[in-house]
Every structure is written in structure tokens, then in C-alpha cells.
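Have a look at the structure below before the remarks.
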Amino acid sequence: MSATQTADEILDRTFLEIRARVLEVAAALDRIERADDDNHAAADPRVQNLRRAIEVLNTEGFDRAERVQMIFSDEYQPGWNSK
């Protein structure tokens with residue numbers, strides 16, 4: 001028995017959950033845009049980060065999770081834990 005799973009096995013196990021999460025993100029963005037009477041949301045850094053992260057998801061590579069995490073991470077600040 002192989003220790004690693006094939007792409008088909010992973011898709012068989014996770015496709016419905018992934019699909020549900022993508023639909024959840026799409027619905028949340030729809031709600032934000034419908035509620036944005038003054039068109040301020042597009043300039044909100046949180047929305048901009050969500051859009052950047054979605055762009056990363058549409059790329060190739062083995063480091064998408066890392067790149068998305070870095071979009072939502074604060075830059076390291078030396079001395080962050082000192083007075």
C-alpha cells in the first residue's frame with residue numbers, strides 16, 4: 001500500500017468540502033458588494049487581501065498555502081515582544 005495518496009483519491013475525499021468553501025467565499029463577497037452602498041469595500045485592505053489570495057489560488061505551484069498565509073500575515077517587527 002502506498003503511503004501517499006493519488007490526486008484522484010484526494011479529490012474523491014475532499015471535493016465536496018472544497019466546493020462548499022469556495023461557494024461560501026463567493027457568497028460572502030456577494031454580500032459585501034450588495035451591502036456596500038458607498039463603494040468603500042473595494043478600497044478596504046481586507047477585501048483587497050481576499051482578492052489577492054483568490055488570485056494566488058488560481059496559480060500553479062506547491063506553495064499556494066504559504067503565499068496566501070503571507071498575504072494575511074503582518075510583517076515581522078523586531079522587538080515586537082519587548083516594552
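Heads up: the sequence shown at position 44 corresponds to 44 in full-length UniProt numbering, and the numbers run straight through without jumps.
Note that CB positions come from ideal geometry on N, CA and C, so glycine has one too.
For T14, the uninterrupted alpha helix (DSSP H) segment begins and ends at 7-35. Between L50 and V22, the CB-CB gap reaches or exceeds 9 angstroms.
For P45, the enclosing alpha helix (DSSP H) starts and ends at 45-57.
In chain order, V68, I71 place their CB closer than 6 angstroms to the CB of A53, counting only its own chain and leaving out the 5 sequence neighbours on each side. Assignment of Q69 by DSSP, reduced to helix, strand and coil, places it in the helix class.
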